[in-house]
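Going line by line, the protein sequences match chains A and B.
Each residue of the first sequence is one higher than the one before, counting from 12 in this note's numbering.
Each residue of the second sequence is one higher than the one before, counting from 17 in this note's numbering.
Data first, discussion second: the structure below is written as structure tokens.
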Amino acid sequence: QKEVEQDPGPLSVPEGAIVSLNCTYSNSAFQYFMWYRQYSRKGPELLMYTYSSGNKEDGRFTAQVDKSSKYISLFIRDSQPSDSATYLCAMSKVQGGSEKLVFGKGTKLTVNP
Amino acid sequence: DAGITQSPRHKVTETGTPVTLRCHQTENHRYMYWYRQDPGHGLRLIHYSYGVKDTDKGEVSDGYSVSRSKTEDFLLTLESATSSQTSVYFCAISTDREQYFGPGTRLTVT
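Set out below in structure tokens:
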């Protein structure tokens with residue numbers, strides 16, 4: 012079983028839709044949870060960062076963490092064509108004395124005008 | 017923008033040749049990382065550094081070496097490139113627990 016699972020999609024929605032992106036994980040040692048957005052041929056860009064169960068909101072984006080179910084989500088409200096990108100979840104753990112990130116494979120999102 | 021640049025941005029090389037990719041940061045962050053990104057595999061850690069001359073392996077380190085002689089520069093070397101090393105390579109720096117990525121180097125090994 013992979014440590015982090017993410018549905019690769021692709022996911023296609025109309026403009027204005029609410030988008031839900033999800034990851035599950037198996038390792039209880041993960042302590043911090045992140046979402047990255049990656050536009051085509053660009054580097055990943057940190058969107059959201061959380062460390063506890065519950066919700067964190069930033070504008071149209073809400074990150075949700077449920078540690079008891081080992082499940083994280085990213086919600087995008089009022090989605091825009093500019094949100095079209097690949098979204099990567101990432102989780103951090105301490106290994107060998109250093110903190111490392113484990114990434115999901117990414118979900119490709121297309122928002123259609 | 018975390019002040020990370022990568023060079024070259026694109027490179028085509030032949031199997032068996034050595035290749036060095038450079039990552040440069042402007043903000044003196046202690047931790048630096050090299051990842052590769054491939055379809056179906058996502059981002060995978062190759063090597064990382066936690067200080068000058070302090071480096072360690074990641075999950076896919078075979079065939080790669082790294083060096084860090086200055087805080088601002090982290091070099092990734094493919095001693096003898098193979099076609100399986102065709103990939104997009106990203107450098108990252110860490111501030112607390114947040115990682116910020118460079119623009120990437122697209123490497124093709126023919």
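Quick reminder that beta carbons are idealized off the backbone N, C-alpha and C, glycines included.
Just so we're clear, the structure is a prediction, and the values are computed from it rather than from any experiment.
- Contact note: Tyr-80 of chain B does not reach chain A at a C-beta cutoff of 7 Å; the least C-beta distance is about 16 Å.
- For Glu-68 of chain A, the enclosing beta strand (DSSP E) covers residues 65–69.
- The residue among B:Val-28, B:His-45, B:Glu-30 and B:Thr-31 with its C-alpha nearest the C-alpha of Phe-90 of chain B is B:His-45.
- Along the segment 46–59 of chain A, the positions whose C-beta sits under 7 Å from a C-beta of chain B are Lys-53, Gly-54, Pro-55 and Leu-57, read in chain order.
- Within its own chain, the residues whose Cβ lies closer than 8 Å to the Cβ of Thr-126 of chain B, once the five positions on either side in sequence are excluded, are Val-28, Thr-29, Glu-30, Thr-31 and Ser-99, listed in chain order.
- Buried is the label assigned to Gly-58 of chain B, since at least 16 other Cβ atoms lie within 10 Å of its Cβ.
- The Cβ neighbour count for Arg-25 of chain B, taken over all protein chains shown within 10 Å, is under 16; the residue is labelled exposed.
- A direct Cα-Cα distance of roughly 22 Å separates Thr-33 of chain B from Leu-61 of chain B.
- Rounded to whole angstroms, the gap between the alpha carbons of Lys-69 of chain B and Thr-121 of chain B is 23 Å.
- With fewer than 16 other Cβ atoms inside 10 Å of its own Cβ, Pro-124 of chain A counts as exposed.
- By the criterion of a C-beta distance shorter than 6 Å, Phe-114 of chain A is surrounded in its chain by Leu-99 and Ala-101, once the five residues flanking it on both sides are discounted.
- Ranked by how close their Cα comes to the Cα of Ile-29 of chain A, the residues A:Leu-58, A:Asp-69, A:Arg-88 and A:Lys-116 have A:Arg-88 in first place.
- For Ile-87 of chain A, the uninterrupted beta strand (DSSP E) run begins and ends at 82–87, by DSSP.
- Ranked by how close their Cα comes to the Cα of Gly-67 of chain B, the residues B:Gln-22, B:Glu-114, B:Ser-83 and B:Val-76 have B:Ser-83 in first place.
- Beta-bridge annotation (DSSP): Thr-97 of chain A is paired with A:Gln-49 and A:Lys-119.
- Leu-112 of chain A and Ala-40 of chain A have their alpha carbons spaced roughly 12 Å apart.
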